[in-house]
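Just remember that my numbering sits 1 ahead of the position in the first sequence, which is counted from 1.
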Amino acid sequence: MLHKALPGFRDFYPPEFAVRSHITGVWREIAHRFGFEEYDGPPLEALELYVEKSGEEIVGQLYNFVDKGERAVALRPEMTPTLARRVAARAAGLRKPIRWFSVPQLFRYERTQRGRLREHFQWNVDILGEEAVAADAEVLAVALAALQALGLTGDDVVARYNDRRLLERLGLGAGGGADRLLATYLAIDKLTREPREVIRDRLVSVAGIGATVADAVLAIFQYRDLAELRLAFGKSESVLRELDRLEAYGAQLARLGFGAYTAFDPTIVRGLAYYTGTVFEIFDRRGELRAICGGGRYDNLLRNIGAVSLPAVGFGMGDVVLGELLAERGLLPAHRPRADYYLIAVTEAERPVLLQVAGALRARGAAVLYGLKHANVGKQFKDADARGAREVLVFGPEELAAGQVVHRVMGTGEERRTPLSEWLGGGA
RNA sequence: GUGGGCGUAGCUCAGGUGGUUAGAGCGCCAGGUUGUGGCCCUGGAGGCCGUGGGUUCAAGUCCCAUCGCUCACCCCA
């Protein structure tokens, strides 16, 4: 056992790779179905790209080092800064709204635990250049469509959504600057995990807001749905506007077929600094795992990073937690090697013909296997079975003399003689 | 970074209170079977019992350290 993967890094043996491939395959398929184009960038970036104000809280867990050219670099911990920078550089020439997706491998240096490694693959989908709520709905819809395609229903997962603008209108930002607002979001983010008193203390001590305001803020969360909030705060024009937008968001998602997958939840705020509007997180309904996916609107990030003003909305969905959930629900396809044909030579003398047929079949697109060293027929059949061959062709001296080969269908055991020319033919 | 639990074959695990050459099932390889797979039978390879140190006549077993995995914190992709 000389070389194991570094802590938090995974080896993908064929069975594990099959799982990863299944998940990323669905991601790509669904992204294309929604009209998103794939892009990528380097996995290693200048450290400063992440140290900038786009997300201070990430920096402490960066996988960073100094390279041989004495550049401070970091393995990318998230895709959004890369995306923002690239889009900003070419924004003028890109048709808006920009609909892009990516499946980058991302890295963070931190203690590993369930659902959290030092490396994972994350599906990123973003729409840039559109502030209409339809863009927000489209982005969440594509995330849910992928989960649906993977076999998860509205009974398995739920997307809880909210809008930071609503919380601001409700008084969250009362008398505070951006820093205070973010600290308040971070405190609220823990609302479901920690006792109310702890949150209240944190609002006062860390976020620096007054005790009475803190109580007012916490009071917001006794209202669990939009109708209740409308009754309680409907007098305010600006609150109404936000409630209307959230209603529209939910209604559009329902129209797109995901009503059973979505629910408004005022406690969802997300920890990242750059979100400015809608935010959402997707959880397993049983609440056994971490969030499967998180995203939202970040209208100021491109202006901050690239001096181009483009509203944006997107999400990231990792392969680790999702893989755990799919495994628990028995939704991962069984990994079994597959081949269309396994060719068997009875004696070495038939090998040249066998190779010729293998070539012809492969040229037609079939998956073809045969033993690389001679073995008795029983052994070869055993190998054909173990490697998942659907059909077997037996090349024996007797049949070849008559211009025939034996064709056996493994599933049924049905077997008959067929003309060799049929297998050598180049036509489809 | 903090605390708890766990490290025996490729995998899943046995190995009472220390006691000879460390076991099973599955998997893998070979044979039974030189023209027919799944089942069965036989044999084999594969372990410095995570690593290092200590206690002891004797350590897979007890002690310490360390590394790794894991769970909970911290924090969040």
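Think of the CB as a built atom: it goes at the ideal place given N, C-alpha and C, for glycine as much as any other residue. Keep in mind it's a predicted model, so treat the numbers as computed, not measured.
Q.
Excluding the 5 residues flanking GLY404 on each side, which residues of the same chain have their C-beta closer than 8 angstroms to its C-beta?
A. PRO420, LEU421 and SER422
Q. Mind checking PHE66: buried by the 16 CB within 10 Å criterion, or exposed?
A. exposed
Q.
Among the candidates PRO15, PHE10, ARG201 and VAL207, whose CA atom is the shortest distance from the CA of ARG117?
A. PHE10
Q.
So for ASN163, helix, strand or coil by DSSP?
A. strand
(Q) Using a 10 Å radius around the Cβ and a threshold of 16 neighbouring Cβ atoms, would you call ARG409 buried or exposed? (A) buried
Q | Coil, strand or helix - GLY317 by DSSP | A | strand
Q: Write down the C-beta distance between VAL280 and ARG165 rounded to the nearest angstrom, noting that I regard them as a contact closer than 8 angstroms.
A: 6 angstroms
Q) So what's ARG409 in DSSP terms, helix, strand or just coil? A) strand
Q) Would you say PHE108 and LEU76 are within 8 angstroms of each other, going by their C-beta atoms? A) yes
Q.
So TYR262 and GLY331 are supposed to be a Cβ contact under 8 angstroms. How far apart are they, rounded?
A. The pair is not a contact, with the Cβ atoms about 20 angstroms apart (cut-off 8 angstroms).
Q) Which of the three DSSP states, helix, strand or coil, is assigned to TYR342? A) strand
Q) So what does DSSP say about LEU48, is it helix, strand or coil? A) coil
**Q.** Residue burial classification, MET2 (beta-carbon count within 10 angstroms, cutoff 16)
**A.** Confidence at MET2 is low in this model, with a pLDDT of 39, below 50, so the placement of that residue should be treated as unreliable; the coordinate-derived value is given next. Exposed, by the Cβ-count rule.
Q) DSSP puts TRP455 in a beta bridge; with which residues? A) Only positions 2 to 429 of the chain appear in this structure, which leaves residue 455 out of reach.
Q.
Just to confirm, is the Cβ distance from LEU356 to TRP424 under 8 angstroms?
A. no
Q. In whole angstroms, what separates the C-alpha of GLY317 from that of GLY296?
A. 6 angstroms
Q) Relative to the alpha-carbon of ASP216, which residue among TYR299, ARG225 and LEU204 has its alpha-carbon at the smallest distance? A) LEU204
Q. In this structure, does DSSP put GLY258 in helix, strand or coil?
A. helix
Q) Taking the C-alpha atoms as reference points, what is the distance between PHE35 and VAL158? A) 21 angstroms
Q | C-alpha gap between ARG271 and ASP190, whole angstroms | A | 6 angstroms
Q: Could you say which of TYR275, ALA274 and ASP266 lies nearest to GLU282 if we only look at CA atoms?
A: ASP266
(Q) Along the chain, where does the beta strand (DSSP E) containing LEU107 start, and where does it finish? (A) 106-108
Q. Can you tell which of HIS33, VAL314, GLY172 and ALA32 has the C-alpha that lies nearest to the C-alpha of VAL437?
A. An answer regarding residue 437 cannot be provided, because it is not within the stretch 2 to 429 covered by the chain.
Q) Taking DSSP as the reference, what is the three-state secondary structure of GLU38? A) strand
Q) Is the beta carbon of ARG298 within less than 7 angstroms of some heavy atom of the ligand MN? A) For the structure depicted, the ligand MN is absent and the ligand set is empty, with no information on it obtainable.
Q: Determine the burial state of PHE18: buried for a count of at least 16 other Cβ atoms within 10 Å of its Cβ, exposed for fewer.
A: exposed
Q.
Just to confirm my understanding: we take ARG388, look at its own chain, exclude 5 residues before and 5 after, and list those with CB closer than 8 angstroms. What are they?
A. PRO338, ALA340, TYR343 and LEU370
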